[in-house]
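One structure is given here, and the rest of the page talks about it.
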Amino acid sequence: MSLKPFYRKTWAEIDLTALKENVRNMKRHIGGDVHLMAVVKANAYGHGDAHVAKAALAEGASILAVAFLDEAISLREQGIDAPILVLGAVPPEYAGIAAKRRITVTGYSVGWLKEVLRLIGDIGEPLDFHLKIDTGMGRLGCRNEDEIKEMMDMTESSSKVNCCGVFTHFATADEKDTDYFNMQLDRFKELIKPLPLDRLMVHSSNSAAGMRFKKQLFNAVRFGVSMYGMSPSSEIKDELPFPLKEVFSLHTELVHVKKIAKGESVSYGATYTAEHDEWIGTVPVGYADGWLRRLAGSEVLIDGKRQKIAGRICMDQLMISLQEEYPVGTKVTLIGKQKDERISVDEIAQKLQTINYEITCMISSRVPRMFLENGSIMEIRNPILP
């Protein structure tokens, strides 16, 4: 166990027990014959890639997914030996590196595959790839039967590459209106008909589709946002087949408490002026940690009570209008639960008019991650200190 020290009293807690419960529930929902692909891109949506990957694999995930090759290599270097799929574009000149690391990539165009075959050289084992089909997302992928046939013909005539999967990505699976979703699904089914599906991993469903449309799972599901206990959207919260346990929480401590008089101001621009004598608490977290200036005036939890941020949020600190005097060292929760009160990731996302997983992704790497299981600290990661 590594308890890497941190000397600023601000940290994120990652509840691996909650994460494992989310994975178990999803495995039960999709059935034992469907692969669960744990999506750990973007440092596991800000939670910590290796720890999340190991927890998900322990609960039955059979493959991991990341966004780009560097993320996959990082997992390999942290001792992760499980299959890994890179969902984004890997430049053809790096295909050999992926093959040597046993990392599966995404094959998304005829031109990409031609360049891979030209550049890859003699690497021994073939490069595994999943064929990406663009059914309406408009990002990566083949768009018609001719492109797909040409890619498969090139693959079958070469020993350097191996197609072991096929997938698409739904654009509106988290919306009530399912017309566009159904169009994409029908398009995907039609385009994959000529493929040898009995030997391919076939996946189209993300968290939203996997939980809502059980009959359309094919033989694999990508489990991303909801693995971390967050609903894919506010629209479909009432359609989820099991309760989600939020994994991420964010905490800090009061480092200074002072009383200011009526008429005194707080923080840059003097935008907050006390309407009466009051206690002000300072905590060491700010917009460089991902707690954006637009959250000025929002609430935090102290002693289970909601208390408002006073004035503009600084780069490394912010101030709180306290309901009473609290001692230095008192715990302050920005995301999470104190007593019977909770501030959820969804609440912060709503204040910032964005999606919940943007919030966890934007909490910067200079905030140490504390990994807990069954209430006990398993490890602390502080990327600032070597």
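Just so we're aligned, residue 1 is where the sequence shown starts under full-length UniProt numbering, counting upward by one.
Heads up, the beta-carbon is just placed ideally off N, CA and C, and yes, glycines get one too.
Asked, Found
"MET37 - DSSP class collapsed to helix/strand/coil", "strand"
"Sheet register partners of ARG306 (DSSP bridge)", "LEU301"
"Sequence-distant residues of the same chain with beta carbon closer than 7 Å to SER158, five excluded per side", "LEU117"
"Endpoints, the alpha helix (DSSP H) within which GLU341 is located", "Counting along the chain, GLU341 falls outside any alpha helix (DSSP H), though it belongs to the beta strand (DSSP E) covering 341-343."
"Check whether MET137 and LEU113 have beta carbons under 7 Å apart", "no"
"Spatial neighbours of LYS331 in its chain, beta-carbon cut-off 7 Å, leaving aside the 5 residues before and after", "HIS251, GLU253"
"Residue 393 to LEU318 span [Cα, whole Å]", "Because the chain here runs from 1 to 386, residue 393 falls outside it and cannot be looked at."
"Proximity of VAL52 and ALA72 at Cβ, strictly below 7 Å", "no"
"Burial state of ALA44, where buried means 16 or more other Cβ atoms lie within 10 Å", "buried"
"Cβ shell of LEU200 (< 6 Å), same chain only, five flanking positions each side left out", "GLY165, VAL166"
"Same chain, Cβ closer than 6 Å to GLU246, five either side skipped, listed in chain order", "GLY229"
"Environment of GLY336 [buried if 16+ CB atoms lie within 10 Å]", "buried"
"Spatial neighbours of ARG76 in its chain, beta-carbon cut-off 7 Å, leaving aside the 5 residues before and after", "ARG101"
"Nearest neighbour of GLU275, chosen from SER265, MET378, VAL283 [CA to CA]", "SER265"
"Cutoff 6 Å; reference LYS27; Cβ partners in own chain excluding five residues on either side", "LEU36, GLY60"
"According to DSSP, residues forming a beta bridge with LYS337", "ARG342"
"Inter-residue Cα distance where the pair is ARG8 and PRO284", "7 Å"
"Terminal residues of the beta strand (DSSP E) in which ALA220 lies", "220-223"
"For TYR108, three-class secondary structure by DSSP", "coil"
"MET315 at chain C interface by Cβ criterion, 7 Å", "Considering every chain present, this structure includes no chain C. It has just one protein chain."
"Cβ shell of GLY48 (< 8 Å), same chain only, five flanking positions each side left out", "ILE14, ARG369, PHE371, ARG381"
"Distance CB(VAL255)-CB(THR282) smaller than 7 Å", "yes"
"ILE377 classed as buried or exposed, judged by whether at least 16 other C-beta atoms fall within 10 angstroms", "exposed"
"Chain-order list of residues whose beta-carbon lies under 8 Å from that of LEU261 (same chain, five-residue window excluded)", "The amino acid at residue 261 is misidentified as Leu; the sequence shows Ala. Once the five neighbours on either side are set aside, the close Cβ partners of ALA261 are ALA274, ASP277."
"Exposure label - LEU197; buried when at least 16 CB within 10 Å", "exposed"
"Through-space distance from VAL300 to ARG340, alpha-carbon basis", "Checking the displayed sequence, the identity of residue 340 turns out to be Asp instead of Arg. ASP340 and VAL300: Cα-Cα distance of roughly 14 Å."
"Three-way DSSP call (helix, strand, coil) for ASP15 in this model", "strand"
"As assigned by DSSP and simplified to three states, the class of TYR7", "coil"
"Integer Cβ distance of ILE363 from ASP289, believed to fall under 8 Å", "7 Å"
"Contiguous alpha helix (DSSP H) assignments of at least 4 residues, all confined to the region 96-170", "110-119, 145-156"
"From LYS258, ASP186, SER74, ASN356, residue whose alpha carbon lies closest to that of HIS169", "ASP186"
"Length at least 3, wholly inside the region 346-378: the beta strand (DSSP E) runs in chain order", "369-373"
"Coil, strand or helix - LYS193 by DSSP", "coil"
"Per-residue DSSP class, three states only, for HIS281", "Here residue 281 turns out to be Gly, not His, going by the sequence shown. Three-state DSSP puts GLY281 in a strand."
"Per-residue DSSP class, three states only, for ALA72", "helix"
"Option nearest ASN162 by Cα separation, candidates THR104, LYS215, ARG139, LEU334", "THR104"
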